[in-house]
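Q: I'd like to ask you about the structure that follows.
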Amino acid sequence: MIELLQQQMTRRGAANVKPILGTASDPRLPAGTLDLALMVDVYHELEYPYEMLASIARAHKPGGRVVFVE
């Protein structure tokens with residue numbers, strides 16, 4: 022899926038999308054880089070929700086937000 026995403030973003034000229042392969046407990050997002058994390062119909066699927074949200078929180082800039090749509 023990462024490769025497919027890269028191909029689609031190249032085809033569409035979306036240079037601001039960088040696919041990152043995370044794990045079940047860590048999305049491996051760089052610290053202090055997110056303004057917003059949008060999670061749609063996914064929270065109940067997380068194997069390690071506490072660890073995942075802690076990792077996402079570290080990735081946020083000051084004042085960043087997490088939005089859940091369940």
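Per the numbering used here, the sequence shown starts with residue 22, numbered consecutively. Note that CB positions come from ideal geometry on N, CA and C, so glycine has one too.
#1: So is M22 buried or exposed if we call it buried at 16+ other beta carbons inside 10 Å?
#2: Per DSSP, what are the beta-bridge partners of M60 in this structure?
#3: Along the chain, where does the alpha helix (DSSP H) containing L74 start, and where does it finish?
#4: Please state if the CB of P40 and the CB of L26 are separated by a distance shorter than 8 Å.
#5: Less than 8 Å between the C-beta atoms of A45 and Y71, yes or no?
A: Quick answer:
#1: In the sequence shown, residue 22 corresponds to position 1, counting from 1. Label assigned to M22: exposed.
#2: Taking the first residue of the sequence shown as position 1, residue 60 is located at position 39. DSSP lists F89 as partners of M60.
#3: The count along the sequence shown starts at 1 and reaches residue 74 at position 53. Per DSSP, L74 belongs to the alpha helix (DSSP H) from 70-80.
#4: Mapped onto the sequence shown, residue 26 falls at position 5. Mapped onto the sequence shown, residue 40 falls at position 19. For L26 and P40, yes; Cβs fall inside 8 Å.
#5: As a first step, residue 45 must be located in the sequence shown, where it is residue number 24. As a first step, residue 71 must be located in the sequence shown, where it is residue number 50. No; because the gap between Cβ atoms is not below 8 Å, this pair is not in contact.
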